[in-house]
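A.B. asks: From first to last, the protein sequence lines are chains A and B. Each position in the first sequence, counted from 1, maps to that position plus 79 in this note's numbering. Each position in the second sequence, counted from 1, maps to that position plus 7 in this note's numbering. C-beta atoms are modelled at their ideal positions from N, C-alpha and C, and glycine is treated no differently. Pasting a structure here, questions to come.
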Amino acid sequence: MTVITTRGLTKRYGPVTALDDLSVDLAPGVVGLVGANGAGKSTLIKILLGLLPPTSGTVEVLGLDAVAEGEAVRARVGYMPEHDCLPADVSATELVVHMARISGLPPTAARERTADVLRHVGLYEERYRLIGGYSTGMRQRVKLAQALVHDPDLVLLDEPTNGLDPAGRDDMLGLVRRIGADFGISVLVTSHLLGELERVCDAVVVVDGGRLLRSSSTADATAQRSVLAVEVDARTGELAAALRAAGLQVDGDRVLEVALRGAGPADEPAYDLVRDAVAHLGIGLLRMERRRHSISELFRPAEEAPGVRA
Amino acid sequence: MSVPDVPARSAGVIHDLGFRHYDGPRLGRRQVVRALFVESTRGAYGLGRSTRSKIMPFLLLAAVTLPALVVAVVLNVTGTASLGIGYAAYPISVLPLLSLYVAGQAPALVSRDLRFRVVTLYFSRPLRREDYVRAKLAALACATAVLTCLPVLVLYAGALLAQLPFWAQTRAAAVGLLGCLLLSMLLAGIALVIAAVTPRRGLGVAAVITVLVMLTAVQGILQALGQDQGNAGLEHWSGLLSPFTLVSGLQRWAFDAPLEDLPDPPGALGGWVYLAVALAVLAGSYALLVLRSRRVSVS
Numbered sequence: 080m081t082v083i084t085t086r087g088l089t090k091r092y093g094p095v096t097a098l099d100d101l102s103v104d105l106a107p108g109v110v111g112l113v114g115a116n117g118a119g120k121s122t123l124i125k126i127l128l129g130l131l132p133p134t135s136g137t138v139e140v141l142g143l144d145a146v147a148e149g150e151a152v153r154a155r156v157g158y159m160p161e162h163d164c165l166p167a168d169v170s171a172t173e174l175v176v177h178m179a180r181i182s183g184l185p186p187t188a189a190r191e192r193t194a195d196v197l198r199h200v201g202l203y204e205e206r207y208r209l210i211g212g213y214s215t216g217m218r219q220r221v222k223l224a225q226a227l228v229h230d231p232d233l234v235l236l237d238e239p240t241n242g243l244d245p246a247g248r249d250d251m252l253g254l255v256r257r258i259g260a261d262f263g264i265s266v267l268v269t270s271h272l273l274g275e276l277e278r279v280c281d282a283v284v285v286v287d288g289g290r291l292l293r294s295s296s297t298a299d300a301t302a303q304r305s306v307l308a309v310e311v312d313a314r315t316g317e318l319a320a321a322l323r324a325a326g327l328q329v330d331g332d333r334v335l336e337v338a339l340r341g342a343g344p345a346d347e348p349a350y351d352l353v354r355d356a357v358a359h360l361g362i363g364l365l366r367m368e369r370r371r372h373s374i375s376e377l378f379r380p381a382e383e384a385p386g387v388r389a
Numbered sequence: 008m009s010v011p012d013v014p015a016r017s018a019g020v021i022h023d024l025g026f027r028h029y030d031g032p033r034l035g036r037r038q039v040v041r042a043l044f045v046e047s048t049r050g051a052y053g054l055g056r057s058t059r060s061k062i063m064p065f066l067l068l069a070a071v072t073l074p075a076l077v078v079a080v081v082l083n084v085t086g087t088a089s090l091g092i093g094y095a096a097y098p099i100s101v102l103p104l105l106s107l108y109v110a111g112q113a114p115a116l117v118s119r120d121l122r123f124r125v126v127t128l129y130f131s132r133p134l135r136r137e138d139y140v141r142a143k144l145a146a147l148a149c150a151t152a153v154l155t156c157l158p159v160l161v162l163y164a165g166a167l168l169a170q171l172p173f174w175a176q177t178r179a180a181a182v183g184l185l186g187c188l189l190l191s192m193l194l195a196g197i198a199l200v201i202a203a204v205t206p207r208r209g210l211g212v213a214a215v216i217t218v219l220v221m222l223t224a225v226q227g228i229l230q231a232l233g234q235d236q237g238n239a240g241l242e243h244w245s246g247l248l249s250p251f252t253l254v255s256g257l258q259r260w261a262f263d264a265p266l267e268d269l270p271d272p273p274g275a276l277g278g279w280v281y282l283a284v285a286l287a288v289l290a291g292s293y294a295l296l297v298l299r300s301r302r303v304s305v306s
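Printed below as a string of structure tokens:
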């Protein structure tokens, strides 16, 4: 079962190719859409909403043809735009109730669901104040609330963490995770920051220059590597020497990277050796952890391959 | 049924129900358009908005209605035999106030959505662009109709209280109200088209005021010129230029409304031309608004 299916999706604006032969199958859950600015993320979202006809190719959203049945798609999808789209002269409650009505909810249901959704996104007393006085973080929450209020089957979140401070960013990512995991609503979330998506997405699609670079589950992308990071509070050099003497392959100067043979019990002697060496030297062990792949490594082959970046 | 033994302590606990899904009814496009229409009409009087946005509409409503109220009271106190001002002539006499109202509200209805890009939220929903245009046009026409019709109704009530001839008054008031409705639609159409191409609200207000005042002024000058030179053609065709004289001309032609100093459509053809122009303005402003809404890009 897939939420979004595209086959050979291409969009050209005159001589500019925004999307180039994009074919993806996205499963339910939280899917990250990663790409630099101008990679075609926003174009893809417009096509998914049925607002922009593709030059060629097919696109299915929730089993509906987004080109022919755009209205039906938009009724079941929630959309949080990247840019600011909130009027200043109404309160969050009034705006979200109104948007719920425009999505076809009867008045009473619109009011009930608005109160619910605003609570879920973390707006409490301030929801009665005019939006004009809101902080960026609160505005993002209102934008998210209006995308969720009609209980869609899929939400498209365009750069939800844009302009937020680190704490606000964490809150927003936590919310994105909850929408997918607790609310049971599929999410397509875009970002140009890879590290963010790593934490909340089940799968990641990387686009660059309108082309699909890679589509994989986050678990694959962030699998454990066979490297043990070791950090101590003093005499790092001596520790490195001791570990090498014990037959381990060691790199790095401030943080030591100890090569492991692979996953599983075969590595246990290595952990023991590090522990014993540290104890023997009488120094403090600050950190000892298994390194993971980061999604950013997905980009490396692309940067090496010439001609991919248009 | 046995009641389980619930500890008293839990009585005040708020349970987090989690995210509740909605499986109630979802309304169709017609009701959605109506919801947008109602919200916009309320917005045109600042209802559901800040106190500041209520001031102008209600001030203008009071200013437009007050003279009618004075006329009605004077009529009842002095017991004269006529109102002194015709129902059809009343909107013309408060013309600047009506212009001021549509100039203030048309940008509030449309420029606000364009400027803050709220249209993105509308068009990413099942609402069609024509639906949006229809709702906004109907909303401003309705809101303006309140402003034009209320004083006419006040005059009519005054006339009935003073026991002026019932049927004659009713007919004249009906002609007046009909004119008010047409005038409200014309003003709404013209003002919204101008507002839709001026995304900045202040600019929109100034543009609508300028256009309406200019049309009225040019019409007045041409009419005066025609009277001076004894050029009846110029005098009476000039009425096509302003929405106010367009409506008053139609009222003279179709119902013989007493509007002596305003242009009278010349001949049998004149009336039809006036009607055709009025309809063309309405259809044209709708078409232009739809065209404008299609050019709005989402995201």
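Hey, quick one: how far does the alpha helix (DSSP H) through V192 (chain B) stretch, first residue to last?
C.D. replies: Note on residue identity: the sequence assigns Met, not Val, to residue 192 (chain B). Here the alpha helix (DSSP H) through M192 (chain B) covers F173 to A203.
A.B. asks: Mind listing the chain A neighbours of A42 (chain B)? Cutoff is C-beta to C-beta under 7 Å, in chain order.
C.D. replies: Residues of chain A passing the Cβ test: R180 and I181.
A.B. asks: Where does R206 (chain A) sit, in a helix, a strand or coil, going by DSSP?
C.D. replies: Reduced to three states, the DSSP call for R206 (chain A) is helix.
A.B. asks: Of all the residues that make up the stretch 118-132 of chain B, which are near chain D by a beta-carbon distance shorter than 9 Å?
C.D. replies: No chain D is part of this structure, whose protein chains are labelled A and B.
A.B. asks: Rounded to whole angstroms, what is the Cα-Cα separation between L307 (chain A) and G331 (chain A)?
C.D. replies: Cα-Cα distance, rounded: 11 Å.
A.B. asks: Please report the distance separating the alpha-carbon of L307 (chain B) from that of G111 (chain B).
C.D. replies: Any property of residue 307 (chain B) remains undetermined from this structure, which presents chain B solely from 8 to 306.
A.B. asks: Y92 (chain A) CB to nearest chain B CB: under 7 Å?
C.D. replies: Answer no: the Cβ-Cβ gap between Y92 (chain A) and chain B never drops below 7 Å.
A.B. asks: In the DSSP assignment, find the unbroken alpha helix (DSSP H) run with Y281 (chain B) in it and report its ends.
C.D. replies: Run containing Y281 (chain B): G274 to R301, per the alpha helix (DSSP H) assignment.
A.B. asks: Just the C-alpha distance for G366 (chain A) and L123 (chain A), rounded to the nearest angstrom, thanks.
C.D. replies: Note that residue 366 (chain A) is Arg in the sequence shown, not Gly. Looking at the two C-alpha atoms, the distance is approximately 42 Å.
A.B. asks: Assign L128 (chain A) to one of three DSSP states: helix, strand, or coil.
C.D. replies: L128 (chain A): coil per DSSP, three-state reduction.
A.B. asks: Between which two residues does the alpha helix (DSSP H) containing G93 (chain A) stretch?
C.D. replies: No alpha helix (DSSP H) holds G93 (chain A); DSSP gives it neither H nor E.
A.B. asks: Would V103 (chain A) and V283 (chain A) qualify as a contact pair, given that the criterion is a beta-carbon distance under 7 Å?
C.D. replies: Taking 7 Å as the Cβ cut-off, V103 (chain A) and V283 (chain A) do not qualify as a contacting pair.
A.B. asks: Run down chain B in chain order and give the residues with a C-beta less than 7 Å from the C-beta of E150 (chain A).
C.D. replies: Residues of chain B passing the Cβ test: P133.
A.B. asks: Measuring alpha carbon to alpha carbon, tell me which residue in A:F262, A:M159 and A:V286 is nearest D99 (chain A).
C.D. replies: Comparing Cα positions, the closest option is A:V286.
A.B. asks: Shortest alpha-carbon distance to A202 (chain B) belongs to which of B:G227, B:L147 and B:T177?
C.D. replies: Cα-wise, what sits closest to A202 (chain B) is B:L147.
A.B. asks: Starting from V218 (chain B), trace the alpha helix (DSSP H) both ways and give me its first and last residue.
C.D. replies: It spans R208 to D235 - the alpha helix (DSSP H) in which V218 (chain B) sits, taken as one unbroken run.
A.B. asks: Under a CB-based cut-off of 7 Å, is A154 (chain A) close to chain B?
C.D. replies: With 7 Å as the cut-off, A154 (chain A) counts as an interface residue toward chain B.
A.B. asks: Apart from the five residues just before and just after P103 (chain B), which ones in its own chain have a Cβ nearer than 6 Å to its Cβ?
C.D. replies: Correct list: empty, nothing qualifies.
A.B. asks: Below 7 Å between beta carbons: does that hold for E46 (chain B) and H229 (chain A)?
C.D. replies: No; because the gap between Cβ atoms is not below 7 Å, this pair is not in contact.
A.B. asks: Can E200 (chain A) and R220 (chain A) be called in contact, C-beta distance under 7 Å?
C.D. replies: Going by the sequence as given, residue 200 (chain A) is Val instead of Glu. It is a contact, given that the beta carbons lie within the stated cut-off.
A.B. asks: Out of B:L116, B:A275 and B:L160, point me to the one whose CA is closest to L296 (chain B)'s CA.
C.D. replies: Of the listed residues, the one whose Cα sits closest to L296 (chain B) is B:L116.
A.B. asks: Apart from the five residues just before and just after E238 (chain A), which ones in its own chain have a Cβ nearer than 7 Å to its Cβ?
C.D. replies: Counting only Cβ-Cβ distances below 7 Å, and skipping sequence neighbours, we find E161, T269 and S270.
A.B. asks: Is D351 (chain A) helix, strand or coil when you go by DSSP?
C.D. replies: Three-state DSSP puts D351 (chain A) in a helix.
A.B. asks: When burial is assigned at 16 or more other CB atoms within 10 Å of the CB, is I395 (chain A) buried or exposed?
C.D. replies: Because residue 395 (chain A) is not part of the residues shown, which for chain A are 80 to 389, the question remains open.
A.B. asks: So, with DSSP's three-state summary, where would you put L90 (chain B)?
C.D. replies: If DSSP states are grouped into helix, strand and coil, L90 (chain B) belongs with coil.
A.B. asks: In whole angstroms, what separates the C-alpha of G246 (chain B) from that of D271 (chain B)?
C.D. replies: Their Cα atoms are separated by approximately 8 Å.
A.B. asks: Any beta carbon of chain B sitting closer than 7 Å to that of L128 (chain A)?
C.D. replies: Output row for L128 (chain A): interface = yes.
A.B. asks: Chain A beta carbons: is any one of them nearer than 7 Å to that of R33 (chain B)?
C.D. replies: It does: the Cβ of R33 (chain B) has a partner Cβ on chain A nearer than 7 Å.
A.B. asks: Report the start-end ranges of each beta strand (DSSP E) in the stretch 113-173 of chain A that is 3 residues or longer and not cut off at the edges.
C.D. replies: Counting only runs of 3 or more, we get 135-140 and 156-159.
A.B. asks: Along chain A, in chain order, which residues have C-beta atoms closer than 8 Å to that of Y29 (chain B)?
C.D. replies: Going along chain A in sequence order, the residues near Y29 (chain B) (Cβ under 8 Å) are L184, A188, R192, H229 and D230.
A.B. asks: Looking only at DSSP bridge pairs, what is G111 (chain A) linked to?
C.D. replies: Answer by DSSP bridge pairing, in chain order: A:V268 and A:V283.
A.B. asks: For H177 (chain A), go through chain B and note every residue whose CB falls closer than 7 Å to its CB, in chain order.
C.D. replies: By Cβ distance, chain B contributes E46.
A.B. asks: Measuring only between beta-carbons, confirm whether G55 (chain B) sits less than 7 Å from chain A.
C.D. replies: By this cut-off, G55 (chain B) is an interface position.
A.B. asks: Measuring straight from C-alpha to C-alpha, what distance separates L243 (chain A) and V71 (chain B)?
C.D. replies: The alpha-carbon atoms of L243 (chain A) and V71 (chain B) are separated by roughly 49 Å.
A.B. asks: If you measure from the beta carbon of V39 (chain B) to each beta carbon in chain A, is any gap under 7 Å?
C.D. replies: It does; some Cβ of chain A falls within 7 Å.
A.B. asks: Determine whether the beta carbon atoms of P74 (chain B) and T155 (chain B) lie at a separation below 7 Å.
C.D. replies: Not closer than 7 Å, so no.
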